[in-house]
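3 is the number of the first residue of the sequence shown in our numbering; add one for each residue after it.
By construction, the Cβ of each residue, glycine as well, lies at the ideal position given by its N, Cα and C atoms.
Quick caveat: nothing in here was measured; it's all calculated off a predicted structure.
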Amino acid sequence: MQSYEFIGIIRKLLSFIVFIFAFMKENRKVLLGMSGGTDSSVAALLLQDAGYEVTGVTFRFYEKDGNTEYLDDARDLCCRLGIPHLVYDCRDTFRTTIIDYFIHEYMGGHTPVPCTLCNNYLKWPLLRQLADEQGIYHLATGHYVRKRCIEGKWHITTGADVDKDQSFFLWGLPQDILERMLLPMGDLTKIEVRQLAEERGFLKAAKKKDSIGVCFCPMDYRSFLKKKVPAEAIQRGKFYDEEGNFIAWHEGYPFYTIGQRRGLGIDLNRAVFVKEILPSENKVVIGDLKSLEKIEMRLKDWNITQPALLLNQDDVIVKIRYRKQANRCTVTLQPDNTLHVQLHEPLTAIASGQAAAFYRGDVVLGGGIII
3 MQSYEFIGII
13 RKLLSFIVFI
23 FAFMKENRKV
33 LLGMSGGTDS
43 SVAALLLQDA
53 GYEVTGVTFR
63 FYEKDGNTEY
73 LDDARDLCCR
83 LGIPHLVYDC
93 RDTFRTTIID
103 YFIHEYMGGH
113 TPVPCTLCNN
123 YLKWPLLRQL
133 ADEQGIYHLA
143 TGHYVRKRCI
153 EGKWHITTGA
163 DVDKDQSFFL
173 WGLPQDILER
183 MLLPMGDLTK
193 IEVRQLAEER
203 GFLKAAKKKD
213 SIGVCFCPMD
223 YRSFLKKKVP
233 AEAIQRGKFY
243 DEEGNFIAWH
253 EGYPFYTIGQ
263 RRGLGIDLNR
273 AVFVKEILPS
283 ENKVVIGDLK
293 SLEKIEMRLK
303 DWNITQPALL
313 LNQDDVIVKI
323 RYRKQANRCT
333 VTLQPDNTLH
343 VQLHEPLTAI
353 ASGQAAAFYR
363 GDVVLGGGII
373 I
């Protein structure tokens with residue numbers, strides 16, 4: 003085949019893809035991720051009210067003790083609304099991508115961010131994949147966030163409910179997902195959402211408890227680790243002070259995180275915090291809060307929506323916690339392709355493995371993983 007013939011075929015194929023994509027964009031179809039909880043259930047109601055053809059999909063990520071009630075709840079709600087419901091089993095992928103990572107990070111002395119990785123690299127990309135297979139353009143979830151187009155690029159922005167805002171977890175999403183996102187919960191508070199579900203007769207959804215913490219170990223990650231790693235992998239070790247003096251015995255370095263104060267089992271008549279974790283020596287160093295302060299950090303695996311809005315600017319806010327510790331900073335790109343974050347004021351409890359998200363006002367500018 004001549005090269006120009008091959009190029010012609012490629013052009014026709016690309017034209018066809020563009021045509022199909024444009025057709026999808028014009029339709030009113032939306033694929034909604036449904037967990038069976040309050041938020042995604044109300045999202046289905048709102049999208050249907052807005053005239054969208056909703057298809058619900060429930061991902062089987064993790065099922066504690068084989069409990070599949072959430073599947074029944076999502077299926078029942080879809081049935082009541084008269085919308086299709088899909089179930090996608092990705093438990094194996096979730097285990098290797100999220101759970102194994104979670105364990106590996108703690109065993110490396112780091113602080114993992116499973117919800118950030120799940121949203122950016124698993125949940126939303128899976129929604130896009132399935133939507134493409136179904137010929138659906140729009141993607142939706144029950145996240146309490148909004149979005150805005152700034153200078154031709156889509157950005158996640160904070161939700162109306164300050165206590166439920168989930169923008170911190172979505173800094174890694176690419177434009178081809180952001181453009182297709184519908185976010186029906188962004189302008190609502192949780193109280194309003196529960197009231198709406200109750201008014202529409204969805205009483206079970208209205209009264210469901212909010213999920214707390216990581217879905218596969220919502221309360222205590224230490225018990226989870228004990229079940230998942232060999233017994234000999236976590237051994238009793240020593241607490242030291244900053245001068246290297248032995249203070250007390252600890253239960254094993256993976257059970258502690260940078261900045262931790264409670265649960266150390268140490269009584270020194272003063273507040274002490276975990277300052278450093280040394281996995282190779284099974285040592286945990288403790289110090290006072292002042293000793294944990296840092297004025298800089300570096301990030302890997304970062305994503306920036308528009309570099310000109312973030313890099314080398316002095317009015318950027320960085321957060322390393324879901325709801326806390328908003329600090330001004332200046333971000334620069336380094337020759338090794340990491341981001342250097344110069345904090346304008348000291349920040350405590352910066353831990354390797356955590357996520358950092360950048361904001362200007364209510365707009366998410368990007369983020370990365372602390373190294």
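Pairing residue 357 with residue 314, the inter-Cα distance amounts to about 20 Å. Under the 10 Å beta carbon count, residue 125 is surrounded by 16 or more other beta carbons and is classified as buried. Residue 78 has its alpha-carbon roughly 35 Å from the corresponding atom of residue 114. By the C-beta density criterion, residue 100 is buried, having at least 16 other C-beta atoms within 10 angstroms.
In this structure, residue 345 places its C-beta atom within 7 Å of the C-beta atom of residue 297.
Taking every protein chain shown into account, the CB of residue 193 has fewer than 16 other CB atoms within 10 angstroms, so this residue is exposed.
The residue among 286, 225, 230 with its C-alpha nearest the C-alpha of residue 248 is 286. Counting the other Cβ atoms within 10 Å of the Cβ of residue 251 gives fewer than 16, which makes it exposed. In the three-state DSSP reduction, residue 102 falls in the helix class (H, G or I). The Cβ atoms of residue 130 and residue 179 lie closer than 7 Å to each other. Classified as exposed, residue 282 has fewer than 16 neighbouring CB atoms from the shown chains inside 10 Å of its CB. Here residue 273 is exposed. Its C-beta has fewer than 16 other C-beta atoms within 10 Å. C-alpha of residue 66 to C-alpha of residue 220: approximately 10 Å in a straight line. A residue is called buried once 16 or more other Cβ atoms fall within 10 Å of its Cβ, and residue 262 is buried on that count. By the beta-carbon neighbour count (other beta carbons within 10 angstroms, threshold 16), residue 229 is exposed. Closest option to residue 151, judged by alpha-carbon separation, among 170, 57, 52, 308: 308. Note that the segment 164 to 176 does not touch the segment 31 to 40; fewer than 3 beta-carbon pairs, one per stretch, sit closer than 8 Å. Residue pairing by DSSP places residue 360 opposite 320, 368 in a beta bridge.
With at least 16 other beta carbons inside 10 angstroms of its own, residue 43 counts as buried. Annotated three-state conformation of residue 289 is strand, per DSSP. In the structure shown, residue 253 falls within a coil segment according to DSSP collapsed to helix, strand and coil.
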